[in-house]
Amino acid sequence: MEQTKSRAWREVDLGALAHNARALQSALAPGCRLMAVVKADAYGHGAAPVARRLEREGVKAFAVACLDEGIALRRAGTGGLILVLGYTPPEQAGLLRRWGLTQTVAGEAHGRALAAQGVPLEVHLALDTGMHRLGVPAEDREAITRLYALPNLKIRGVFSHLCVSDSLEWEDVDFTRRQLERFYGAVKWMKEHGCAPGGTHIQASYGIWNLLPQPCAWARAGIALYGVTSGAAPTRRELGLRPVLSLRARVAMVRTLAPGEGAGYGLAFRAREERQLAVVTIGYADGLPRALAQRGGEVLLAGRRCLMAGRMCMDQLLVDVTGVEGVRPGDAATLIGRDGGAETSAGEVAQRCGTITNELLSRLGARLPVVPV
Ligand SMILES: *Cc1c(COP(=O)(O)O)cnc(C)c1O
48 MEQTKSRAWR EVDLGALAHN ARALQSALAP GCRLMAVVKA DAYGHGAAPV ARRLEREGVK
108 AFAVACLDEG IALRRAGTGG LILVLGYTPP EQAGLLRRWG LTQTVAGEAH GRALAAQGVP
168 LEVHLALDTG MHRLGVPAED REAITRLYAL PNLKIRGVFS HLCVSDSLEW EDVDFTRRQL
228 ERFYGAVKWM KEHGCAPGGT HIQASYGIWN LLPQPCAWAR AGIALYGVTS GAAPTRRELG
288 LRPVLSLRAR VAMVRTLAPG EGAGYGLAFR AREERQLAVV TIGYADGLPR ALAQRGGEVL
348 LAGRRCLMAG RMCMDQLLVD VTGVEGVRPG DAATLIGRDG GAETSAGEVA QRCGTITNEL
408 LSRLGARLPV VPV
């Protein structure tokens with residue numbers, strides 16, 4: 048916990064990450080490999096150290112959201128497949144090629160525009176099986192055929208994305224079943240009609256948690272890799288994953304408020320009787336939701352859960368440490384993670400703020416150094 052002198056930091060347990068990668072890999076069908084989703088700076092965990100550790104675990108495929116994330120990964124030395132999941136403007140084809148990135152074909156028009164750049168590109172074809180975000184409609188065999196006929200597009204994979212696989216409600220389970228049917232139907236047709244699909248993939252984290260192992264080349268795990276679920280919904284499988292990230296900051300000072308005094312913006316905290324407040328060096332500009340302080344957010348100090356006090360500031364927050372012994376300037380305060388016997392999870396913080404862990408973690412700002420442990 049004390050390997051850094053920073054004011055606030057993201058502590059990343061690379062051992063837990065490696066454990067999660069192994070647990071996920073062993074939950075997949077034989078022949079199906081983990082594609083590590085490291086978009087948004089690896090969901091706030093630091094894409095470069097995460098990818099480096101995963102490569103040591105034998106992971107050979109990564110997914111990012113955009114071109115710049117792919118280039119940053121290559122610059123950091125990541126080898127293997129890097130798939131850009133999102134739309135890349137066709138004019139950037141040269142950069143995709145230069146950095147050896149594999150681009151998602153978002154739709155027929157995108158595929159045509161990419162091909163028209165005159166640069167040979169490795170691509171994966173996105174099929175829309177019901178989410179209606181990216182992808183060529185899985186039933187549109189003509190569009191698929193036309194894409195295969197284009198010059199410059201080397202289609203190395205075909206994939207789709209599930210949109211309700213986090214739910215165990217029967218309507219959702221049934222919708223997912225239909226998405227799988229459309230996907231495998233299209234893949235089968237492609238094989239029979241000279242459109243080699245290459246590597247296939249459809250499961251993301253909830254597809255791994257809630258579906259049987261799928262006969263694909265890859266499964267794209269994001270949030271599961273980081274050892275947490277998106278929300279509180281139950282999952283069918285229990286994979287024994289471990290949270291990777293802890294979020295910590297420093298105590299700048301501890302002060303005593305006299306009865307009747309207030310603290311912070313709007314004097315939103317009021318001391319009815321004498322109170323001790325710790326000033327902690329992290330705020331909403333570090334990516335912590337500002338609403339957390341007003342929604343009963345807690346911070347671990349000296350192994351105890353303590354309530355945030357008043358309004359969160361941009362770079363600091365106040366914590367009521369009345370009656371907690373041994374809180375001193377320089378101490379590490381835990382916003383996500385463990386301290387002694389106490390724990391506060393990303394899930395708990397996200398739930399308090401009405402969001403999912405994916406959003407909470409991916410917003411943790413660049414101002415917070417990543418400290419691998
Ligand atoms: C973000 C993303 C993933 C990873 O999703 P998780 O639920 O975090 O595992 C997988 N596939 C696509 C297309 C994505 O956009």
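Here the numbering used here is used: the first residue of the sequence shown is 48, the next is one more, and so on. Ideal placement from N, C-alpha and C gives every residue a C-beta, glycine not left out. Keep in mind the model is a prediction, meaning the values are calculated, not measured.
A residue is called buried when at least 16 other Cβ atoms come within 10 angstroms of its Cβ; residue 361 does not meet this threshold and is exposed.
Across the structure, residue 118 and residue 332 are spaced so that their CA atoms are roughly 26 Å apart.
Closer than 8 Å to some heavy atom of ligand 1: that does not describe the Cβ of residue 67. Burial is judged here by how many other beta carbons sit within 10 angstroms of a residue's own beta carbon; residue 152 has at least 16 and is buried. Around the beta carbon of residue 269, 16 or more other beta carbons sit within 10 angstroms, so the residue counts as buried. In the DSSP annotation of this structure, residue 159 is not part of any beta strand (DSSP E); the continuous alpha helix (DSSP H) holding it starts and ends at 155-162. For residue 409, the three-state secondary structure derived from DSSP is helix. A distance criterion of 8 Å places the beta-carbon of residue 405 in contact range of ligand 1, judged by its closest non-hydrogen atom. Rounded to whole angstroms, residue 160 and residue 189 show a C-alpha spacing of 17 Å. Judged by DSSP secondary structure, residue 355 falls within the beta strand (DSSP E) whose first and last residues are 351-356.
One Cα belongs to residue 392, the other to residue 271, and the distance between them is close to 14 Å.
In the structure shown, residue 258 falls within a coil segment according to DSSP collapsed to helix, strand and coil.
Taking the C-beta atoms as reference points, residue 347 is found no nearer than 9 Å to residue 402. The beta carbon of residue 204 lies closer than 6 Å to those of 171, 245 and 246 in the same chain, with the five residues before and after it left out.
Taking 9 Å as the cut-off, the beta carbon of residue 81 is found closer than this to the beta carbon of residue 71.
Proximity of the beta carbon of residue 270 to ligand 1 is indicated: a heavy atom of the ligand is located closer than 8 Å.
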